[in-house]
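Undergrad: The structure that follows is given in the form of structure tokens.
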Amino acid sequence: MEDYASRPLDTLNAARNKNVMVDMKNGYRYTGKLIAFDIHVNVVLNDAEEFQNGEAKRKLGTVFIRGDTITIINTA
Amino acid sequence: MEDYASRPLDTLNAARNKNVMVDMKNGYRYTGKLIAFDIHVNVVLNDAEEFQNGEAKRKLGTVFIRGDTITIINTA
Amino acid sequence: MEDYASRPLDTLNAARNKNVMVDMKNGYRYTGKLIAFDIHVNVVLNDAEEFQNGEAKRKLGTVFIRGDTITIINTA
Amino acid sequence: MEDYASRPLDTLNAARNKNVMVDMKNGYRYTGKLIAFDIHVNVVLNDAEEFQNGEAKRKLGTVFIRGDTITIINTA
Amino acid sequence: MEDYASRPLDTLNAARNKNVMVDMKNGYRYTGKLIAFDIHVNVVLNDAEEFQNGEAKRKLGTVFIRGDTITIINTA
Amino acid sequence: MEDYASRPLDTLNAARNKNVMVDMKNGYRYTGKLIAFDIHVNVVLNDAEEFQNGEAKRKLGTVFIRGDTITIINTA
Amino acid sequence: MEDYASRPLDTLNAARNKNVMVDMKNGYRYTGKLIAFDIHVNVVLNDAEEFQNGEAKRKLGTVFIRGDTITIINTA
């Protein structure tokens, strides 16, 4: 009944290996290539960069982000 | 016993492909076309726009919003 | 053993299609006709209105309210 | 092994149809007759009254209180 | 393999009908005789007393304390 | 596949009957001998002592600490 | 369908016995060798060091970090 295209995680799946922007509850933002995610919305980014208040703070390489700290993921 | 029309997610289902307004615990608001949602109230909007304190801040394209950060979804 | 009349959700069920007042953790209040609810206490109101600090702020039509943001629902 | 009298919800059960005092994480207090509760500690009070900082604020009739907003229930 | 004496709830079980001190996330403290507890660490105290900032505030009789508001229980 | 030595709770198990330091979300710290823990990371310490801002505040004897209030456990 | 390389915990698995940096919701940071983790993202670090506001505060030896306090784990 529920068609595949209608699930939120499909949107993340379509963004694999593409650049995304992850906004956090603590106001930080991470950008990078989306390598992995799971149903808890834990995500892994490659070539990640950390921003605070719009300013680049650190280059991070590979970063695991715990899902419950995320507010939005901008995929395109 | 419980008839279909009485479930909250039915309201979201009826709003698919329509414009909705999503208010967040952190005071942000996102508007856009509702593309997908799940039982955790994770949602995906297309043609999304971000507002803070009533002011438009960014155009976001496609955005995945984690359900536990949402307070209300205004569907009509 | 547990008789039907003793469950909290029965109180919400008895309030379907009646006006209720929903108070939120963030201090907002929503009034409207209770259309739907589920075990997570997600609710949908029709003809909803939003209040902050006792002042009417917006008329919202149909609104989905995420259960984990609710403190009380005043049904009568 | 675990005897019935030793479960916290038994205390709530013994308080059905009696007056209780419910203290909330946000500092509010509700008093009223305990009509219903469930394992999430969602409760329903009749003839409820709302207090803030020790002052009576509103008479509420029937009120559904979401369990995760409660700190203590004083039953006697 | 896991021996009985090594589980945290055994410590609470050994404290039944003895005086305990319950510290809360909101800074309150409750003392009283431990009557009941469950796996969520919901507890019931008899002859309970409420303290704030080290000062006795109220005598409460029987009090149900929701587990997720508790930080520590001092049993001896 | 997953070998036993690689699970975080094994670290706690190896620390049984040894002195540990438990840091809390509210800034408190408890030291004592680790007597028990479970999968929720609820722990029990004997000969416990409470610290706030680095200062010893109380000797507590046996203390049950609710897992969801803990940030780290320093085992060695 | 879902291939193994696409899960976030695989990234943590690949980082076993390597140095990682763990950022916390309370602003603390822990560095050390990743010894263990589980599906709750509880982790254990050896040769751990604690930082606050970019300053080294303590050397901790072995530290168990509760998953729900973590925001990101920087693995490379």
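Residue numbers (the working numbering), protein chains in the order written: chain B, 1 to 76; chain F, 101 to 176; chain E, 201 to 276; chain Z, 301 to 376; chain G, 401 to 476; chain D, 501 to 576; chain X, 601 to 676. Glycine residues also receive a C-beta, built at the ideal position from the N, C-alpha and C atoms. These numbers come from a predicted model, not from an experiment.
(1) Tell whether a beta-carbon distance below 7 Å holds between G632(X) and L645(X).
(2) So within the region 610-659 of chain X, which uninterrupted beta strand (DSSP E) runs reach at least 3 residues, ignoring any that extend past its ends?
(3) So with CB distances below 8 Å, who are the chain X contacts of R507(D)?
(4) Can you check DSSP and say which residues form a bridge with G461(G)?
(5) Drop a sphere of 10 angstroms on the beta-carbon of A283(Z), count the other beta-carbons inside from all chains shown, and report buried for 16 or more, exposed for fewer.
(6) In whole angstroms, what is the alpha-carbon distance linking I572(D) and A476(G)?
(7) Identify, in the order they occur along the chain, each residue of the same chain with its Cβ nearer than 8 Å to the Cβ of M693(X), setting aside the five sequence neighbours on each side.
(8) With a threshold of 16 other CB atoms inside 10 Å of the CB of I239(E), please say whether the residue is buried or exposed.
(9) For the beta strand (DSSP E) that T171(F) lies in, which residues bound it at each end?
(10) R516(D) to L509(D), Cα distance in whole Å?
(11) State the Cα-Cα distance for the pair E450(G) and M421(G), rounded to the nearest angstrom.
(12) Would you say N617(X) reaches chain D, if we count a Cβ-Cβ gap shorter than 7 Å as a contact?
(13) Between the alpha carbons of V243(E) and L234(E), how many angstroms are there, rounded?
(14) Are any of the Cβ atoms in chain X nearer than 7 Å to that of I565(D)?
(15) Residues in its own chain within less than 8 Å of G361(Z) by CB, not counting five upstream and five downstream?
(16) Short of 8 Å in beta carbon distance, which residues of its chain neighbour S606(X), apart from the five on each side in sequence? Order them along the chain.
(17) Return no unless some Cβ of chain Z is closer than 7 Å to the Cβ of N442(G).
(18) Count the other CB atoms within 10 Å of the CB of N253(E); is the residue buried (16 or more) or exposed (fewer)?
(19) Output needed in chain order: residues of the region 47-61 of chain B with a Cβ under 8 Å from some Cβ in chain F.
(20) Tell me the rounded alpha-carbon separation between A514(D) and F637(X).
(21) Counting only the same chain and skipping the five closest in sequence on each side, list residues whose C-beta sits under 7 Å from that of K59(B).
(22) Just checking: is the beta-carbon of N613(X) within a distance shorter than 7 Å of some beta-carbon in chain B?
(23) Is the separation between the beta-carbon of N519(D) and that of V663(X) shorter than 7 Å?
(24) Excluding the 5 residues preceding and the 5 following G167(F) in the sequence, name in chain order all residues of the same chain whose CB lies nearer than 6 Å to its CB.
(25) Using beta carbons (cut-off 7 Å, strictly below), is N226(E) in contact with chain Z?
(26) Give the interface partners of T669(X) over in chain D, defined as CB-CB distance under 9 Å, in chain order.
(27) Closer than 8 Å by beta-carbon distance: list the chain H residues that pair up with T375(Z), in chain order.
(28) Expressed to the nearest angstrom, what Euclidean distance is found between the alpha-carbon atoms of L12(B) and T511(D)?
TA: This is what the structure gives:
(1) yes
(2) 619-624, 628-637, 643-652
(3) A636, D638
(4) A448(G)
(5) Residue 283(Z) lies beyond the range of chain Z shown here (301 to 376); nothing can be said about it.
(6) 24 Å
(7) Nothing can be reported for residue 693(X), as the shown portion of chain X is limited to 601 through 676.
(8) exposed
(9) 170-174
(10) 11 Å
(11) 10 Å
(12) no
(13) 7 Å
(14) no
(15) N346, D347, A348
(16) none
(17) yes
(18) exposed
(19) none
(20) 16 Å
(21) E49
(22) no
(23) no
(24) H140, V141, N142
(25) no
(26) K525, I570, T571, I572
(27) Structure shown: chain H not included; protein chains present are B, F, E, Z, G, D and X.
(28) 35 Å
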